[in-house]
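Chains as they are written, first to last, in my numbering: chain A, 5 to 229; chain B, 5 to 229.
Number of protein chains: 2
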Amino acid sequence: MKLQLQIKMNEDLFLRNPEHTELGRNIIKHSIQLIAQYGFEAFTFKKLAEDIGTTEAGIYRYFENKHLLLIYIIAWYWSWLEYQISFQTNNVTDPVVKLKKVIKLLATTVVDDATTSYVNESLLHQIIISEGSKAYLTKQVGEDNKHQFFKPYKDLCAVIGNIILECSPKYKYPRSLATTIIEMAHFQNFFMINLPSLTDFGKNKAESEIILFLNDLVFSSIKKG
Amino acid sequence: MKLQLQIKMNEDLFLRNPEHTELGRNIIKHSIQLIAQYGFEAFTFKKLAEDIGTTEAGIYRYFENKHLLLIYIIAWYWSWLEYQISFQTNNVTDPVVKLKKVIKLLATTVVDDATTSYVNESLLHQIIISEGSKAYLTKQVGEDNKHQFFKPYKDLCAVIGNIILECSPKYKYPRSLATTIIEMAHFQNFFMINLPSLTDFGKNKAESEIILFLNDLVFSSIKKG
DNA sequence: TTTAAAAGATAGTAATGCTATCATAAATAA
DNA sequence: TTATTTATGATAGCATTACTATCTTTTAAA
């Protein structure tokens, strides 16, 4: 049985739907590779076009600019991750077990998912860590938000917030704790690799330790009164 | 009694020390204003030069590029904040009281400090919130780190980590918790203003609630076992 | 098989991110 | 005080980036 996972993306993100054409799928695939390789600042549509073997103008027919392309692939990731979470926590009744699974999913380097042929989730996870917050840390955040570009991130945050409430119905800050888990799963990873003295994981550089830290943080917060 | 607070900056950050000349101090002053106004991406040396009334080439005599200028002003802020913390927690013996003061200092919008004539700390605080992580979320982070550009941030993290250990000597993740407090003090603020559904502070939009959240997070983590 | 949609090829333009040079003003040392 | 270093101003230029426009050819759906 071979399944293709399809994620419905916000139409305002693109001029032409990249999923519908070979070139479009190549834009997604190669932009993930190039952003992971060069970083978002040094990534240009010209390099992307050369990498694909098309022209700059060709890319502009799909995406207005590189910022919207970044938001696209990041939004795709959050949607994909929400699906992963709902899949992996399906039939799990204990919310504590659910929350632990969520933390593990957030903090673990993803393996490439074969049901999405042109997206390399592993590279995408690296992009989320290094470039993820650049999607919203801009002056246009308000405009972008009006277009609902951050809905997948918000939905994920709501899902996690609800699991937190299942664990501890009286906990006062489920959403802020959810964003804290999400952001810290990535920031601690970035720091561990690049600025290890900002963390307590410099010696082993193991994701498992980030998971232990996050579990400790989350469950001591929500378990008490 | 009039005091001038002087912060010793890393010499590798600039070509010519901006503190030593009128133009240099203008570069710092106006870059803080313009980055706060336009955001870092839209900020250019040309706009800065026009704003000051000098030429682009003039700016380049002080800073190699805008990324190093950003690191400069952010590093300045962390150094200034570490000084504020050491000043405000001086003579405080109870580490819990100290840590609460630190959280408050991190999460509260700064008022302009008159002892630093050409730096507007209030605007700088806004820049830290929106642009702070862009200083290190780059492909050059390793190179920049070799030059010790992030030392002020690391020092602050160490100071806070030590206060955490004073509170709870057996706590396992003092540095990661310190970076979590620092980053979340700013991210929750950004979210509260720009993407409020990612937080639990959307209704009142009050910094005091972020402080309550962080206090709850931190003290439940370190108080047990 | 026509015809519309997508892609390729090429050009061009304003802004960005620099570097270089030469003249002048201001500060400092001889 | 003069000499000379140091900082600034003024101007030019250049490669890259971030687009927009147009025209032709290929591909694919009606």
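Quick reminder that beta carbons are idealized off the backbone N, C-alpha and C, glycines included. Given the structure is predicted, the values throughout are model-derived calculations rather than measurements.
Assigned exposure category for residue i - 16 Cβ within 10 Å defines buried
{"i": "A/Asn124", "result": "buried"}
{"i": "A/Gly229", "result": "Reliability of the predicted coordinates at A/Gly229 is poor, the pLDDT of 47 falling under 50, and the value obtained from them is presented with this limitation in mind. By the 10 Å Cβ count, A/Gly229 comes out exposed."}
{"i": "B/Ala79", "result": "buried"}
{"i": "B/Thr97", "result": "exposed"}
{"i": "A/Asn30", "result": "buried"}
{"i": "B/Thr25", "result": "exposed"}
{"i": "B/Tyr64", "result": "exposed"}
{"i": "A/Glu213", "result": "buried"}
{"i": "B/Ala189", "result": "buried"}
{"i": "B/Leu7", "result": "exposed"}
{"i": "A/Lys102", "result": "buried"}
Beta-carbon proximity of residue i to residue j, cut-off 7 Å
{"i": "A/Ser90", "j": "A/Pro156", "result": "no"}
{"i": "B/Ser35", "j": "A/Leu141", "result": "no"}
{"i": "A/Gly206", "j": "A/Ala182", "result": "no"}
{"i": "B/Val145", "j": "A/Asn193", "result": "no"}
{"i": "B/Leu38", "j": "B/Lys50", "result": "no"}
{"i": "A/Lys108", "j": "A/Ile215", "result": "yes"}
{"i": "A/Ile132", "j": "A/Tyr81", "result": "yes"}
{"i": "A/Ala40", "j": "A/Gln130", "result": "yes"}
{"i": "A/Ser137", "j": "B/Ser137", "result": "yes"}
{"i": "B/Ser180", "j": "A/Asp204", "result": "yes"}
{"i": "B/Glu68", "j": "A/Phe191", "result": "no"}
{"i": "B/Ser224", "j": "A/Ser172", "result": "no"}
Start and end residues, alpha helix (DSSP H) containing residue i
{"i": "A/Tyr157", "result": "Lys155 to Cys171"}
{"i": "A/His24", "result": "Taken as a continuous stretch (DSSP letters only), A/His24 belongs to no alpha helix (DSSP H), as it is neither H nor E."}
{"i": "B/Lys174", "result": "Per DSSP, B/Lys174 belongs to no alpha helix (DSSP H) and is neither H nor E."}
{"i": "A/Gly62", "result": "Glu60 to Tyr64"}
{"i": "A/Gly146", "result": "Val145 to Lys150"}
{"i": "A/Ala79", "result": "Lys70 to Gln92"}
{"i": "A/Asp55", "result": "Phe49 to Ile56"}
{"i": "B/Gln130", "result": "Glu125 to Glu135"}
{"i": "A/Leu7", "result": "Segment: none, A/Leu7 is in no alpha helix (DSSP H) and carries neither H nor E."}
{"i": "B/Asn95", "result": "Here B/Asn95 belongs to no alpha helix (DSSP H), and DSSP marks it neither H nor E."}
{"i": "B/Leu141", "result": "Taken as a continuous stretch (DSSP letters only), B/Leu141 belongs to no alpha helix (DSSP H), as it is neither H nor E."}
{"i": "B/Asp220", "result": "Glu211 to Lys227"}
Integer Cβ distance of residue i from residue j, believed to fall under 8 Å
{"i": "A/Ile75", "j": "A/Ala162", "result": "About 19 Å separates the two Cβ atoms, so there is no contact after all."}
{"i": "B/Ile226", "j": "B/Ile185", "result": "At roughly 11 Å, the Cβ-Cβ gap does not stay under 8 Å, so B/Ile226 and B/Ile185 are not in contact."}
{"i": "B/Pro99", "j": "B/Glu147", "result": "In fact, because the Cβ distance is near 37 Å, the residues do not count as touching under 8 Å."}
{"i": "A/Lys143", "j": "B/Tyr42", "result": "7 Å"}
{"i": "B/Lys158", "j": "A/Leu202", "result": "6 Å"}
{"i": "B/Leu85", "j": "B/Leu9", "result": "About 12 Å separates the two Cβ atoms, so there is no contact after all."}
{"i": "A/Leu27", "j": "A/Ile77", "result": "With a Cβ gap of about 16 Å, A/Leu27 and A/Ile77 do not count as contacting."}
Any non-hydrogen atom of the ligand GDP closer than 6 Å to residue i Cβ
{"i": "A/Phe44", "result": "Looking for the ligand GDP in the displayed structure turns up nothing, as the structure carries no ligands at all."}
Handout entry: the stretch 115-124 of chain A in contact with the stretch 13-29 of chain B per 3-pair CB rule at 8 Å
Key = no
Using a Cβ distance threshold of 8 Å, determine whether the stretch 164-181 of chain B contacts the stretch 204-224 of chain A, with at least three qualifying pairs required.
yes
Tell me whether the stretch 51-59 of chain B and the stretch 105-116 of chain B touch, counting them as touching only if at least three CB pairs, one residue from each stretch, are closer than 8 Å. No contact exists between the stretch 51-59 of chain B and the stretch 105-116 of chain B.
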